[in-house]
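Encoded as structure tokens, the structure appears first; notes follow it.
Chains as they are written, first to last, in our numbering: chain A, 2 to 120; chain B, 579 to 691.
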């Protein structure tokens, strides 16, 4: 998993606080994807971003969650007013070209995730 | 609704033995199928990726098969090692605009000495 860097690895927040998760894609990758993995469950797609654009956010909860991938710097997944149900592992993946498009069979490269715990 | 079902949910085998993990999917139209290995506390790592025209693909002791007609795939692990203990995830990509990957729930494999 070297290359896709996520931080922090572990994050503890109290209910009502904000959580900010960061993802730096592999060098040369301009497509970033966020996934959530609840305990004992599979990964669920949340959002797909290119630099400065949200391409697909169909997996994002309608409230409290937002994501960005600015021209400079890492991609940020932001969760406002966290609740206990937000406790999960959040994974970021990157691709050099659209990993979820018909033109590519490139495997997405995953980071090691941020484990968010809500007290 | 696109779905990926994996079986078994968990599996325990002895070191040196072979095993086969199953994946059934209903994703349509199909683009490709990937198997990932996820160690505890780590992100998934790609093992194989197969398109519609590929029936089998190997990566060391891992061999994946694909039957696009029956929409089934398998991952065969030969001569298992303790380090094979992990979750194995089947992921299917649909061939349409704005598609997303559909993840199976994974098979938790434990290899015992």
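Note that beta-carbon positions come from the ideal geometry of N, C-alpha and C, so glycine has one too.
- residue 679(B) at chain A interface by Cβ criterion, 8 Å: Yes, its Cβ sits closer than 8 Å to a Cβ of chain A.
- Any idea which residues DSSP pairs residue 115(A) with across the strands? Paired residues: 91(A).
- Message: At the 8 Å Cβ level, is residue 586(B) part of the contact set with chain A, yes or no?
- Response: Taking Cβ atoms only, chain A never reaches closer than 8 Å to residue 586(B), which makes this a no.
- Message: If you reduce the DSSP assignment to three classes, tell me which class residue 611(B) lands in.
- Response: Strand, per DSSP.
- Item | Same chain only: Cβ atoms within 6 Å of residue 27(A), ignoring 5 sequence neighbours per side | So the qualifying residues of the chain are 4, 5, 95 and 110.
- Message: 8 Å is my cut-off, CB to CB: does residue 621(B) come that close to chain A?
- Response: For residue 621(B), the answer is yes, since a Cβ of chain A falls inside 8 Å of its Cβ.
- Item | Per-residue burial, residue 634(B) [other beta carbons within 10 Å of its own, 16 or more giving buried] | Per the 10 Å Cβ criterion, exposed.
- Run down chain A in chain order and give the residues with a C-beta less than 8 Å from the C-beta of residue 667(B). The answer, in chain order, is 43 and 44.
- Candidates 587(B), 668(B) and 620(B): which alpha carbon is nearest residue 11(A)'s? Closest by C-alpha distance to residue 11(A), out of 587(B), 668(B) and 620(B), is 620(B).
- Could you say which of 15(A), 119(A) and 67(A) lies nearest to residue 49(A) if we only look at CA atoms? With distances taken between CA atoms, residue 49(A) lies nearest to 67(A) out of 15(A), 119(A) and 67(A).
- Task: Excluding the 5 residues preceding and the 5 following residue 582(B) in the sequence, name in chain order all residues of the same chain whose CB lies nearer than 6 Å to its CB.
- Result: Cβ within range, chain order: 603, 668, 670, 680 and 682.
- Exposed or buried, residue 596(B), counting other C-beta atoms within 10 Å across all chains shown (16 or more means buried)? By the neighbour-count rule (16 or more Cβ atoms within 10 Å), residue 596(B) is not buried but exposed.
- Using a beta-carbon distance cut-off of less than 7 Å, what residues from the region 61-83 of chain A approach chain C? Among the protein chains of the structure shown, namely A and B, there is no chain C.
- Task: To the nearest angstrom, report how far apart residue 636(B) and residue 613(B) are at their CA atoms.
- Result: Cα-Cα distance, rounded: 11 Å.
- Query: So what's residue 57(A) in DSSP terms, helix, strand or just coil?
  - Reply: Secondary structure at residue 57(A): strand, using DSSP grouped into helix, strand and coil.
- Cβ neighbour criterion (16 or more within 10 Å) applied to residue 32(A): Residue 32(A) should be labelled buried.
- Inspect the beta-carbon positions of residue 642(B) and residue 594(B) and report whether they are closer than 8 Å. Result no, Cβ atoms of residue 642(B) and residue 594(B) do not sit closer than 8 Å.
- Message: If the criterion is Cβ atoms closer than 8 Å, does the pair residue 600(B) and residue 664(B) meet it?
- Response: No, the Cβ-Cβ distance between residue 600(B) and residue 664(B) is not below 8 Å.
- Message: Can you tell me which residues form a DSSP beta bridge with residue 46(A)?
- Response: Its beta-bridge partners are 36(A).
- Item | Alpha carbon of residue 623(B) to alpha carbon of residue 64(A), nearest angstrom | Between the alpha carbons of residue 623(B) and residue 64(A) lies a gap of roughly 31 Å.
- Taking only the alpha-carbon atoms, compute the straight-line gap between residue 103(A) and residue 41(A) and give it to the nearest angstrom. Note that residue 103(A) scores 38 on pLDDT, short of 50, meaning its location in the model is unreliable; the coordinates nonetheless yield the value given after this. If you take the alpha carbons of residue 103(A) and residue 41(A), they lie about 30 Å apart.
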